[in-house]
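A short worksheet on the structure shown next.
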Amino acid sequence: MKNETSNPSAGRRSVVKWLGAAAGASVCAPFVQTARAADPLFVNTWGGDWEKAAAAHLFEPFTKESGIPIRTVSPVSYAKLAAQARTGVYEFDVTTLGGGELIRAVEAGLVEKIDTSIIDMKQLPPGQAYLSGIATHAFATVIASRKDKFANGGPQNWAEFWDTQRFPGPRSLQRYAARVVPLALLADGVPTNKVYPMDLDRAFKSFDRLKKDVRVWWTQGQQSQQLLRDGEVNAIAIWHGRALSLIRQNVPVDLVWNQGEIDRAYWVVAKGTPRAKQAWQFIASALKAERLAKFCMQADYSPVDQRVFQYIPEAQAKGMPTYPANYRLTFEQDLAKMGPQLNELSRRFDQFVVR
Numbered sequence: 202m203k204n205e206t207s208n209p210s211a212g213r214r215s216v217v218k219w220l221g222a223a224a225g226a227s228v229c230a231p232f233v234q235t236a237r238a239a240d241p242l243f244v245n246t247w248g249g250d251w252e253k254a255a256a257a258h259l260f261e262p263f264t265k266e267s268g269i270p271i272r273t274v275s276p277v278s279y280a281k282l283a284a285q286a287r288t289g290v291y292e293f294d295v296t297t298l299g300g301g302e303l304i305r306a307v308e309a310g311l312v313e314k315i316d317t318s319i320i321d322m323k324q325l326p327p328g329q330a331y332l333s334g335i336a337t338h339a340f341a342t343v344i345a346s347r348k349d350k351f352a353n354g355g356p357q358n359w360a361e362f363w364d365t366q367r368f369p370g371p372r373s374l375q376r377y378a379a380r381v382v383p384l385a386l387l388a389d390g391v392p393t394n395k396v397y398p399m400d401l402d403r404a405f406k407s408f409d410r411l412k413k414d415v416r417v418w419w420t421q422g423q424q425s426q427q428l429l430r431d432g433e434v435n436a437i438a439i440w441h442g443r444a445l446s447l448i449r450q451n452v453p454v455d456l457v458w459n460q461g462e463i464d465r466a467y468w469v470v471a472k473g474t475p476r477a478k479q480a481w482q483f484i485a486s487a488l489k490a491e492r493l494a495k496f497c498m499q500a501d502y503s504p505v506d507q508r509v510f511q512y513i514p515e516a517q518a519k520g521m522p523t524y525p526a527n528y529r530l531t532f533e534q535d536l537a538k539m540g541p542q543l544n545e546l547s548r549r550f551d552q553f554v555v556r
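Heads up, the sequence shown is in the working numbering, so the first residue is 202 and it goes up one at a time.
Structure representation (structure tokens):
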């Protein structure tokens, strides 16, 4: 069946209007139980705390209501997703992708179209379904700095993060083009609503000013956390959950929501998997608000669907990037405008990092 899609950037514009109209709606079509002796469904996960939270609040409830056991494969791997489509040998049926990876996967024919006989598209908030993926939760790349390195406070925006004269000390950025190139534009004075489409020449000139101070281009969340914990860098572009975890451990860290970049995690189903129906049934189950709330609270993520916040205590919601007070300070990736630039963006970024 035809899948409906919308640009995630449209979600920001219409979310308030939509909430008033749909506050009591269900996010998915009624779940229909399938054979209890079904083969396992294999889900590609990030492992660690992500998998623990998903197992408790997404996997186990689905198995209980459907009889379909879930087995996990980690870590998340775009390369394996591509290999499956090529070979027809499936290590997993379901995975999550960031926005940039979702565009690549759809263009390469690696994922199934949304099964609208199972997912009720009309009950999803604007922008939650995009191409062949359904956004489940979000995270933000934010500025975090060591309080003990900046007596008068650390950088509060990306221009200040780039300013190593006023805010001295080593920096760290993620080695992920689609996520950090927009930050270079913000550092050069581009407003958040003018970032896309990206002026790549301007972005890399901005990077040139900072590169000598980038001690590490990190590739794993745990690595970024360790860099800040050990004081190897004074300031870092880091996932918000990693910074919050350090704060809870009493590490002297300041987290800045201003100009935080929100990226969504999209559920997708591997192209050609014989368990596609069960996979979409799982995704429908995982979108249920109470389950998603518990997952986000345990795993330090943030719901895309604002209705989920009714199940999250206010004190904990304030630590999430899509919480309204924080969301107003952030910006989201514009996938529609970023998509045509991805190949050139990735090529130039990889060359820049290694030169």
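C-beta atoms are modelled at their ideal positions from N, C-alpha and C, and glycine is treated no differently.
Predicted model only: the values in this text are computed from it and were never measured.
| query | Using the C-alpha atoms, what's the distance from residue 239 back to residue 268? | reply | As a working note, residue 268 is residue 67 in the sequence shown. As a working note, residue 239 is residue 38 in the sequence shown. The straight-line gap from Cα to Cα measures roughly 7 Å.
| What is the C-beta distance between residue 435 and residue 350, in whole angstroms, given that I count them as a contact (C-beta under 8 Å)? | Indexing the sequence shown from 1 puts residue 435 at position 234. Indexing the sequence shown from 1 puts residue 350 at position 149. Between residue 350 and residue 435 the Cβ distance is about 4 Å, and since that is below 8 Å, they are a contact.
| task | Under the assumption that residue 343 contacts residue 520 (Cβ atoms under 8 Å), give the Cβ distance between them as a whole number of angstroms. | result | To locate residue 343, count along the sequence shown from 1; it is residue 142. To locate residue 520, count along the sequence shown from 1; it is residue 319. Rounded, the Cβ-Cβ distance is 11 Å, inconsistent with contact.
| message | Under DSSP, the beta strand (DSSP E) around residue 374 begins and ends at which residues? | response | Position 173 of the sequence shown, counted from the first residue, corresponds to residue 374. Looking at the DSSP string, the run of the beta strand (DSSP E) that includes residue 374 is 372-375.
| What's the C-alpha gap between residue 244 and residue 431? | As a first step, residue 244 must be located in the sequence shown, where it is residue number 43. As a first step, residue 431 must be located in the sequence shown, where it is residue number 230. Whole-angstrom Cα-Cα distance: 34 Å.
| request: Give the secondary structure of residue 544 by DSSP, where H, G and I count as helix, E and B as strand, and everything else as coil. | output: Indexing the sequence shown from 1 puts residue 544 at position 343. Taken through DSSP and simplified to helix, strand or coil, residue 544 comes out as helix.
| request: Any chance you could list the alpha helix (DSSP H) runs of at least 4 consecutive residues sitting entirely within the stretch 457-507, in chain order? | output: 477-487, 490-500
| request: State the Cα-Cα distance for the pair residue 465 and residue 417, rounded to the nearest angstrom. | output: As a working note, residue 465 is residue 264 in the sequence shown. As a working note, residue 417 is residue 216 in the sequence shown. Between residue 465 and residue 417, the C-alpha separation is close to 24 Å.
| query | How long is the line joining the alpha carbons of residue 293 and residue 273, rounded to whole angstroms? | reply | Position 92 of the sequence shown, counted from the start, is the residue given in the question as residue 293. Position 72 of the sequence shown, counted from the start, is the residue given in the question as residue 273. If you take the alpha carbons of residue 293 and residue 273, they lie about 8 Å apart.
| field | Identity of the residues DSSP links to residue 440 by a beta bridge | value | Start at 1 with the first residue of the sequence shown, and residue 440 comes out as number 239. Looking at the DSSP assignment, residue 440 forms a beta bridge with 342.
| task | Drop a sphere of 10 angstroms on the beta-carbon of residue 489, count the other beta-carbons inside from all chains shown, and report buried for 16 or more, exposed for fewer. | result | Numbered from its first residue, the sequence shown carries residue 489 at position 288. With 16 or more other Cβ atoms within 10 Å, it is buried.
| message | When you compare the stretch 384-403 with the stretch 350-366, are there three or more beta-carbon pairs, one atom per stretch, that lie closer than 8 Å? | response | yes
| Alpha carbon to alpha carbon, how far is residue 414 from residue 302? | Residue numbering aside, residue 414 sits at position 213 when the sequence shown is read from its first letter. Residue numbering aside, residue 302 sits at position 101 when the sequence shown is read from its first letter. Distance between the alpha carbons of residue 414 and residue 302 is about 28 Å.
| task | Return the CA-CA distance between residue 429 and residue 377, expressed in angstroms with no decimal places. | result | As a first step, residue 429 is located in the sequence shown; it is residue number 228 there, counting from the start. As a first step, residue 377 is located in the sequence shown; it is residue number 176 there, counting from the start. Computed Cα separation, rounded: 18 Å.
| query | Where does residue 232 sit, in a helix, a strand or coil, going by DSSP? | reply | In the sequence shown, residue 232 corresponds to position 31, counting from 1. Any reading at residue 232 is ruled out, since the residue's pLDDT is 37, under 50, leaving its predicted position unreliable.
| task | Give the DSSP-derived three-state secondary structure of residue 361 in the structure shown. | result | Residue 361 sits at position 160 when you count from the first residue of the sequence shown. Helix.
| message | Based on DSSP bridge pairs, tell me the residues matched to residue 532. | response | Here the question's residue 532 lines up with position 331 in the sequence shown. According to DSSP, residue 532 bridges with 462.
| said: Measuring alpha carbon to alpha carbon, tell me which residue in 444, 282, 516, 483 is nearest residue 424. | reply: Residue numbering aside, residue 424 sits at position 223 when the sequence shown is read from its first letter. Nearest Cα to residue 424 within the set 444, 282, 516, 483: 444.
| Beta carbon of residue 484, beta carbon of residue 335: below 8 Å? | The residue given as residue 484 occupies position 283 in the sequence shown. The residue given as residue 335 occupies position 134 in the sequence shown. Closer than 8 Å, so yes.
| field | residue 274: first and last residue of the uninterrupted beta strand (DSSP E) it sits in | value | The sequence position of residue 274 within the sequence shown is 73, counting from 1. That run of the beta strand (DSSP E) goes 271-274.
| query | Going along the chain, which residues of its own chain have a beta-carbon closer than 8 Å to the beta-carbon of residue 486, five neighbours each way excluded? | reply | To locate residue 486, count along the sequence shown from 1; it is residue 285. Closer than 8 Å at the Cβ level, and outside the excluded window around residue 486, lie 229, 232, 259, 262, 263, 266, 267, 492.
| Buried or exposed by the 16-neighbour rule on C-beta atoms within 10 Å, applied to residue 398 | Translated into positions along the sequence shown, residue 398 becomes position 197. When all chains shown are included, residue 398 counts as exposed.
| request: Please work out which residues of its chain come closer than 6 Å, Cβ to Cβ, to residue 509, disregarding the five sequence neighbours upstream and downstream, and give them in chain order. | output: Within the sequence shown, numbered from 1, the residue matching residue 509 stands at position 308. Around residue 509: 490, 493, 494.
| said: Applying the 10 Å Cβ sphere with the 16-neighbour rule, what's the burial state of residue 551? | reply: By one-based count along the sequence shown, residue 551 stands at place 350. Under this definition residue 551 is an exposed residue.
| query | Would you call the stretch 467-478 and the stretch 304-320 in contact, with 3 or more CB pairs under 8 Å? | reply | Yes, since at least three Cβ pairs between the stretch 467-478 and the stretch 304-320 fall closer than 8 Å, the two stretches touch.
| said: Assuming residue 251 is part of the beta strand (DSSP E), what are its boundary residues? | reply: The residue given as residue 251 occupies position 50 in the sequence shown. Segment 249-255 is the alpha helix (DSSP H) holding residue 251; no beta strand (DSSP E) there.
| Under a Cβ-count criterion, where at least 16 other Cβ atoms within 10 Å of its own Cβ denotes burial, should residue 354 be classed as buried or exposed? | Along the sequence shown, read from residue 1 onward, the residue named residue 354 stands at position 153. By the 10 Å Cβ count, residue 354 comes out exposed.
| query | Applying the criterion that 16 or more other CB atoms from any shown protein chain within 10 Å of the CB defines a buried residue, is residue 330 buried or exposed? | reply | In the sequence shown, residue 330 corresponds to position 129, counting from 1. Answer is buried; the Cβ neighbour count reaches 16.
| task | Using three-state DSSP, classify residue 330 as helix, strand or coil. | result | What you label residue 330 is simply residue 129 of the sequence shown in a count that begins at 1. Strand.
| said: Tell me which residues share the same chain as residue 295 and place their Cβ nearer than 8 Å to its Cβ, disregarding the 5 neighbours each side in the sequence. | reply: For the purposes of this step, residue 295 is taken as residue 94 along the sequence shown, with counting starting at 1. Closer than 8 Å at Cβ, skipping near neighbours: 242, 243, 244, 245, 468, 469, 470, 471, 480, 483, 484.
| residue 556 to residue 402 span [Cα, whole Å] | The residue given as residue 556 occupies position 355 in the sequence shown. The residue given as residue 402 occupies position 201 in the sequence shown. Near 16 Å, if we compare the C-alpha coordinates of residue 402 and residue 556.
| query | Nearest to residue 459 by alpha carbon, out of 248, 356, 254, 337? | reply | Here residue 459 refers to the residue found at position 258 when the sequence shown is read from its first residue. The candidate whose alpha carbon is nearest that of residue 459 is 356.
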